[in-house]
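Heads up, the thing below is written out as structure tokens.
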Amino acid sequence: ASLGAGPGAAVEADTLPQTANRSLETLSYREAGVIGLFQTLALFAGISRSGITMVGGLLRGLDHEDAAKFSFLLATPVILAAGVLKLPSLAGPAGEHIHGQVIAGFFTAGICAYAAVRFLSRYFTTRTLTPFAVYCLLAGAASIIQFA
18 ASLGAGPGAA VEADTLPQTA NRSLETLSYR EAGVIGLFQT LALFAGISRS
68 GITMVGGLLR GLDHEDAAKF SFLLATPVIL AAGVLKLPSL AGPAGEHIHG
118 QVIAGFFTAG ICAYAAVRFL SRYFTTRTLT PFAVYCLLAG AASIIQFA
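Residue 18 is where the sequence shown starts when you use my numbering, and the numbers rise one by one after that.
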């Protein structure tokens, strides 16, 4: 059921009239917190964290570009926490001979993340979440077929 929930929410948010074309600077702390709470919905299988936080931003009146920027900013504490939780295992026997690989992966991931954020920030200045929703549906269906 959640496979269609994330893409469905993205398409629905795109169809809502933009009542206010707000900027990030006009968000209150409460509204920013509400958008942040949308991340918890990504705990359900098939719901994209970035997609659902963008939906939250759109529902609070942000345009697509600012909703995308805020979604990327919200990823920082999530990714940092996951990395901190994984550090002890990399310091132990399991990570004994992979320090070079971890460093290479770190820099590669950083470069790719930068490129993705830059591309998507430009993309969402003129486009909607609908293609992203279609992608999520197709990727989810392919995963079900592959792993079922």
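Glycine included, C-beta positions come from ideal geometry on N, C-alpha and C.
Under the three-state reduction of DSSP, which class applies to residue i: helix, strand or coil?
i       : result
Leu-41  : helix
Gly-63  : coil
Gly-109 : coil
Ile-96  : helix
His-116 : helix
Arg-139 : helix
Leu-146 : coil
Ala-165 : coil
Leu-155 : helix
Ser-160 : helix
Taking 7 Å as the cut-off, is the C-beta of residue i nearer than that to any heavy atom in the ligand ZN?
i       : result
Ile-128 : The ligand ZN is not part of this structure, which contains no ligands at all.
With DSSP as the reference, identify every bridge partner of residue i, one or two as the case may be.
i      : result
Leu-79 : Arg-39
Roughly how many whole angstroms lie between the Cα atoms of residue i and residue j?
i       : j       : result
Arg-139 : Gln-163 : 33 Å
Asp-83  : Ser-106 : 37 Å
Pro-148 : Ala-130 : 20 Å
Thr-14  : Ile-115 : Any question about residue 14 goes unanswered here, given that the chain covers just 18 to 165.
Arg-39  : Asp-80  : 7 Å
Ala-85  : Phe-141 : 7 Å
Leu-155 : Thr-70  : 20 Å
Tyr-46  : Ala-165 : 42 Å
Thr-93  : Lys-103 : 15 Å
Ala-150 : Phe-123 : 29 Å
Val-72  : Ile-52  : 8 Å
Ala-158 : Ala-121 : 32 Å
Leu-97  : Ala-132 : 19 Å
Contact defined as beta carbons within less than 8 Å: I believe residue i pairs with residue j. What is the distance between those atoms, to the nearest angstrom?
i       : j       : result
Phe-61  : Val-134 : With 8 Å as the limit, Phe-61 and Val-134 do not qualify as a contact, their Cβ atoms being about 24 Å apart.
Arg-77  : Glu-42  : That pair is no contact at about 13 Å.
Leu-146 : Gly-63  : With a Cβ gap of about 15 Å, Leu-146 and Gly-63 do not count as contacting.
Phe-87  : Gly-74  : 5 Å
### Task
Would you be able to state if there are at least three C-beta pairs under 8 Å between the region 46-61 and the region 106-120?
no
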